[in-house]
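Okay, so here's the structure we're looking at.
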Amino acid sequence: MATRTAIPDPTTEPPVIRAEQYRVRFDSPQQVALCAQIAGACRYLWNHMLADCRWRYRMWKMYKIGPKPSVSVFTLCQRFTALRNDPDHAWLKAYPAAVVRYSLKYLADAYKRFLADSVNEGKPHFKSRHRTTPGFTLPDNVRLDGARLYVPKVGWVRLAGSGQYFGCRPKKVRVLKEGTERHPQWYTHVFYEVPADRVQPPAATGALGLDRNVGQATDSDGRVYTVPDTSNLEANIRSKQRKTDKARERSRRNGQPLSNRARRICGQLSKLHRKQKRKRQSAAHQHSRRMVDTAHTVVIEDLHTKAMTRSAKGTVEEPGTNVQQKAGLNREILKSNWGLLERQLAYKAGALVKVDPANTSQTCAVCQPVDRENRKTQALFHCTVCGHTANADHNAAINILARGVPLVRPARGVGASARRGASPSGTPTTREPGRRVPARAGPSGPAPVPSVNPSVYAPYTGTM
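Residue numbers (numbering that gives the first Met the number 0): 0 to 463.
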């Protein structure tokens, strides 16, 4: 009897986790106060249990009696149950136990990271009321009715947002507060369990080189990813900052607290900073998603942003030069979000490869010689040997990809870039305006040139 071969059903693929952010709309001030109290209870429990863990460890280290104190989630939850039944902490029963208890998971995870890598991971620290973002987590049994969310002990609250995953199963919700005490803004991050057929899968193969510049990034396919223009926001921030500085100086000189007007300006300044942060984060998320949909592996330069943005002031004995110009360049580098983009690619891409950044902008992608004269301008690259002409950032991205190709492990499947044949869709402008590129020593040998689109080696005809 012939056996029938089963055809794989795409609907049986495991669901994927996707998150969406919504703004919370409360129906009454009592709901706002209850959310703030729940967040405060979570912060209190973190600090209390952290102090308890430190005390237990000191006692064990001093007397060496019994096993080493445990910091697992199970142990911390047992201590929370005893603490909640303590008459001195009976007020904890007024808040949902599962929500408050979940803060101990974050504490246990922090200890786990520290014990696994104490060199790079620091110890868990106490959470200050004024320096910690208030928030709490709904770990399970999330009740989401369309654009409404049920928060235990608080009730139903309305959500404002796109809601593209409404109807999918919510697994967890993170509620966070931004803004000031007088004008709080609450947001939720809802984690959905989305069917695989509703989500575009990332690329399963292919590699992409990325050259990060001031104000933009360029990949080896010629696409340009620009940083959002926040010049109007920055001008408004500088204006508000000057007003708050004057108000604080006047308050310090007179020995009086800040006026209501000054406090209102401080709130406006905080709101502008949050808006600027959201713009940059949104752009970084969109750019990184576009990259990982194009290629499985992303190759970037191993840039040390902290060293590159170091102040040029120098010392009294050896004062620095061009301090103002260097300070302006540092601001532009930090606004370009190199670190944020790298962190997002690290968890989104199939693989993230870092290569030596030396001479990537002075090496010809065709014949591989290194010559500082190849850079005619900041935007134009013209090889003095073979005559290859291209945009400087595009040429550098190809060199970055070539250096990372030997380090890339092949992946199965066909990537999105192979399916749709990605082509250049933008023209890079400048790398660092008005700044010459210093000459550096070249690599020990020529790097292999990856296979790219034919348009990569076409003469550059864009505007300068």
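Where a beta carbon is used, it is the ideal one built from N, C-alpha and C, also for glycine.
By the CB criterion at 7 Å, residue 38 and residue 160 fall outside the cutoff. The continuous beta strand (DSSP E) containing residue 148 extends over residues 147-150.
From the listed residues 183, 347, 344 and 309, the smallest Cα separation to residue 28 is found for 183. For residue 305 and residue 334, the gap between their C-alpha atoms comes out near 13 Å. Across the set 225, 239, 394 and 253, the C-alpha of 225 shows the shortest separation from the C-alpha of residue 279. Here residue 295 is buried, its C-beta having at least 16 other C-beta atoms within 10 Å.
Three or more beta-carbon pairs separated by less than 8 Å are not found between the region 354-361 and the region 326-345, which leaves the two stretches without contact. In the DSSP assignment, the residues bridged to residue 174 are 135 and 187.
Residue state for residue 167 is assigned as strand, using DSSP reduced to three classes. For residue 202, the three-state secondary structure derived from DSSP is coil. Within a 10 Å sphere around the beta-carbon of residue 125 sit fewer than 16 other beta-carbons, which makes this residue exposed. For the pair residue 113 and residue 307, the Cα-to-Cα distance works out to about 28 Å. For residue 210, the closest alpha carbon among the candidates 272, 310, 290 and 21 is that of 290. Residue nearest to residue 95 within the set 154, 237, 110 and 389 is 154 (criterion: CA-CA distance). Pairing residue 343 with residue 76, the inter-Cα distance amounts to about 32 Å. Straight-line measurement puts the Cα of residue 69 at about 12 Å from the Cα of residue 48. Residue 156 is not a Cβ neighbour of residue 169, given a cutoff of 7 Å. In the structure shown, residue 20 falls within a strand segment according to DSSP collapsed to helix, strand and coil.
Residue state for residue 359 is assigned as coil, using DSSP reduced to three classes. Residue burial is scored here from C-beta neighbours: residue 239 has at least 16 other C-beta atoms within 10 angstroms and is therefore classed as buried. DSSP places residue 30 in no beta strand (DSSP E) but in the uninterrupted alpha helix (DSSP H) bounded by 28-62.
Selection 384, 389 and 369 evaluated against residue 378 yields 389 as nearest (Cα-Cα). In the same chain as residue 102, and ignoring 5 residues on each side of it, the C-beta atoms closer than 6 Å to its own belong to 41, 44 and 45, in chain order. Per DSSP, residue 380 lies in no alpha helix (DSSP H) segment; the continuous beta strand (DSSP E) that holds it begins and ends at 379-381.
Here residue 346 is exposed: its Cβ has fewer than 16 other Cβ atoms, across all protein chains shown, within 10 Å. Cβ-Cβ separation between residue 313 and residue 319: approximately 4 Å, consistent with a contact (criterion under 8 Å). Close CB contacts of residue 78 within its chain, under the 8 Å cut and outside five residues either way in sequence, are with 48 and 51 (chain order). Proximity of the region 195-210 to the region 228-237 falls short of the contact definition, fewer than three beta-carbon pairs being nearer than 8 Å. Separation of residue 368 and residue 394 (C-alpha to C-alpha, rounded to the nearest whole angstrom) is 13 Å. DSSP, reduced to helix, strand and coil, places residue 255 outside both helices and strands of the structure shown, so it counts as coil. Ranked by how close their Cα comes to the Cα of residue 363, the residues 132, 381, 350 and 349 have 381 in first place.
With respect to residue 370, residue 383 sits close: the two C-beta atoms are nearer than 7 Å.
Judged by beta-carbon spacing, residue 71 lies within the 7 Å limit of residue 107, meaning their Cβ atoms are closer than that value. Membership of residue 155 in the beta strand (DSSP E) is indicated by the continuous run 154-159. Just so you know, the alpha carbons of residue 366 and residue 237 end up roughly 48 Å apart. Following the DSSP letters along the chain, one finds residue 329 inside the alpha helix (DSSP H) bounded by residues 322-334.
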